[in-house]
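For the sequence shown, my numbering assigns the number 507 to the initial residue and increments by one for each residue that follows. First up is the structure itself, then whatever we jot down about it.
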Amino acid sequence: MSEPFLLKNGLARPAIDRIATAFKAVHPEFEVKQFARASMKGLDKLELKERVQHVICVLGEHLPRSFPETVKLLKRIPPVWDYGEPDDSTASFAAWPITDCVAEFGLDHPRLALGTLKKLTCMFSAEFAVRPFLLSDPDFVYETLASWCSDRSEHVRRLVSEGTRPRLPWSVQLNPAIADPSRGIVLLEKLKDDQSLYVRRSVANHLNDIAKDHPETCIAVCKRWNNGASEERKWIIRHATRTLVKAGHPDVFGLLGFTENPRLQASPIELNRQSLRLGGDITFAARLSNNNKRTQRVVIDYAIHHRKANGTTQPKVFKLKEATIAPGNEHVIKKRHAIKPISTRRYYSGKHAIELLVNGQPVAKATFDLKV
Numbered sequence: 507m508s509e510p511f512l513l514k515n516g517l518a519r520p521a522i523d524r525i526a527t528a529f530k531a532v533h534p535e536f537e538v539k540q541f542a543r544a545s546m547k548g549l550d551k552l553e554l555k556e557r558v559q560h561v562i563c564v565l566g567e568h569l570p571r572s573f574p575e576t577v578k579l580l581k582r583i584p585p586v587w588d589y590g591e592p593d594d595s596t597a598s599f600a601a602w603p604i605t606d607c608v609a610e611f612g613l614d615h616p617r618l619a620l621g622t623l624k625k626l627t628c629m630f631s632a633e634f635a636v637r638p639f640l641l642s643d644p645d646f647v648y649e650t651l652a653s654w655c656s657d658r659s660e661h662v663r664r665l666v667s668e669g670t671r672p673r674l675p676w677s678v679q680l681n682p683a684i685a686d687p688s689r690g691i692v693l694l695e696k697l698k699d700d701q702s703l704y705v706r707r708s709v710a711n712h713l714n715d716i717a718k719d720h721p722e723t724c725i726a727v728c729k730r731w732n733n734g735a736s737e738e739r740k741w742i743i744r745h746a747t748r749t750l751v752k753a754g755h756p757d758v759f760g761l762l763g764f765t766e767n768p769r770l771q772a773s774p775i776e777l778n779r780q781s782l783r784l785g786g787d788i789t790f791a792a793r794l795s796n797n798n799k800r801t802q803r804v805v806i807d808y809a810i811h812h813r814k815a816n817g818t819t820q821p822k823v824f825k826l827k828e829a830t831i832a833p834g835n836e837h838v839i840k841k842r843h844a845i846k847p848i849s850t851r852r853y854y855s856g857k858h859a860i861e862l863l864v865n866g867q868p869v870a871k872a873t874f875d876l877k878v
């Protein structure tokens, strides 16, 4: 069996060579062999973000000490850059140290730095690199980003939304934006009807971040956007409210066209086994009956209540389906769920539970034993 591909290997020797080749092309004095040797030293032991920082430090030893002089080189990189194979999802990782070195070396030069990130973001999204500037000089950066909302490049427009996400994964959180997301919302208003799905997906993810701390704000924005919305904007709304749907927030279902306060009768959950070992799977089945006079459209999810070390359980919600149930009809649910070891959860022997959720509300529950 072949070894699983690790994301960190997107920044290995081939990526180092691409970086060196690009800088040599714009800076003939760039010491390719010395850079490659220093970059590879100890690289194998580092995780992905550690590799990025390591290569940035090595770049710092091979680029001009003056940031304005370094900028002259950086801005000439995109035309000579090797973008890698189209089907290589980690090909862009080679450019990550190049974009992030702007934040490392240019924090005292925000105007020059942002102009550089605008040039480089087509190689690897500058969403991480822009965040230190958002924290150090927010007024200037938000004003600059607002002027980019109509830029011809979808990479630049996406950076406006993605770089200002309050809870961007793999990055420092923007605590001021978590506390007050209004500045980000102003930018999203300009991007909500962007022609690029790449940009619209970022807009939805940004709103979903806001929903985690300010659910009512997210719902208010989505309700406003829903008026006269195109199909593309409706997609943003659905994607932006996914956390609220999983949480069962009562105001989100009507917004999305589902029945508010549905009245369905749930059968007891039937399990194909009462116990299983870690690594196995369990199948559950249930029925939802509509004994009312109106058709009901609902979101059906389920939760696995995992046992914790202290004996209590904690639910993890999984998406299942959407269903439209006519009066007098029933909807049959059947699902196989595998319980396998994963790096982000420790399993404990004992009672677990499967719970059926309709519009986020529990309607049936069954227990089973897990043996670890």
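Using N, Cα and C, we set each Cβ at its ideal position, and we do this for glycine too. None of the values given here were measured: they were computed from a predicted structure.
In the structure shown, Pro821 falls within a strand segment according to DSSP collapsed to helix, strand and coil. Under the three-pair Cβ rule at 8 Å, the region 818–835 counts as touching the region 798–808.
Separation of the CB atoms of Ala792 and Ile839 is rounded to 5 Å, and the pair is thereby assigned contact status at 8 Å. CA-CA distance, Val564 to Ala717, rounds to 40 Å. In this structure, Lys581 is the residue among Lys581, Asp593, Phe599, Ala601 with its C-alpha nearest to the C-alpha of Leu620. Here Pro603 is not bridged, per DSSP, to any residue. Per DSSP, the beta-bridge partners of Gly856 are Leu876. The beta carbon of Gly856 sits closer than 8 Å to the beta carbons of Arg813, Gly817, Asp875, Leu876 from its chain, once the five residues preceding and following it are set aside; these are given in chain order.
DSSP assignment within the region 604–628 yields the following whole alpha helix (DSSP H) runs of 4 residues or more, N-terminal first: 616–626.
By the neighbour-count definition (other C-beta atoms within 10 Å, threshold 16), His858 is a buried residue. For Leu623, the number of other beta carbons within 10 angstroms of its own is at least 16, and it is reported as buried. Your pair Ala870 and Ile788 does not check out as a contact, with CB atoms roughly 15 Å apart and the cut at 8 Å. The beta-carbon separation of Cys724 and Leu762, rounded to 13 Å, does not stay under the 8 Å limit for a contact. For Val532, the enclosing alpha helix (DSSP H) covers residues 519–532. Assignment of beta-bridge partners to Tyr808 by DSSP yields Phe824, Leu862. Counting along the chain, the unbroken beta strand (DSSP E) around Ala844 starts and ends at 836–844. For the pair Leu680 and Leu640, the CB atoms are nearer than the 8 Å cut-off.
For Arg793, the uninterrupted beta strand (DSSP E) segment begins and ends at 787–795. Burial state of Ala635 is buried, judged by a 10 Å Cβ sphere holding 16 or more other Cβ atoms.
With a cut-off of 8 Å on Cβ pairs, the region 592–602 is not in contact with the region 638–652, counting fewer than three such pairs. Annotated three-state conformation of Ala632 is coil, per DSSP.
By the beta-carbon neighbour count (other beta carbons within 10 angstroms, threshold 16), Glu861 is buried. Ser667 counts as buried, since at least 16 other C-beta atoms from the protein chains shown sit within 10 angstroms of its C-beta. Nearest Cα to Ile562 within the set Leu770, Ala544, Pro584, Leu513: Ala544. Counting C-beta atoms within 10 angstroms of its own C-beta, Asp700 has 16 or more neighbours from the protein chains shown and is therefore classed as buried. For Ser595, there is no enclosing alpha helix (DSSP H), as DSSP marks it with neither H nor E. Just so you know, the alpha carbons of Arg671 and Leu517 end up roughly 25 Å apart.
Glu776 is bridged by DSSP to Ala791.
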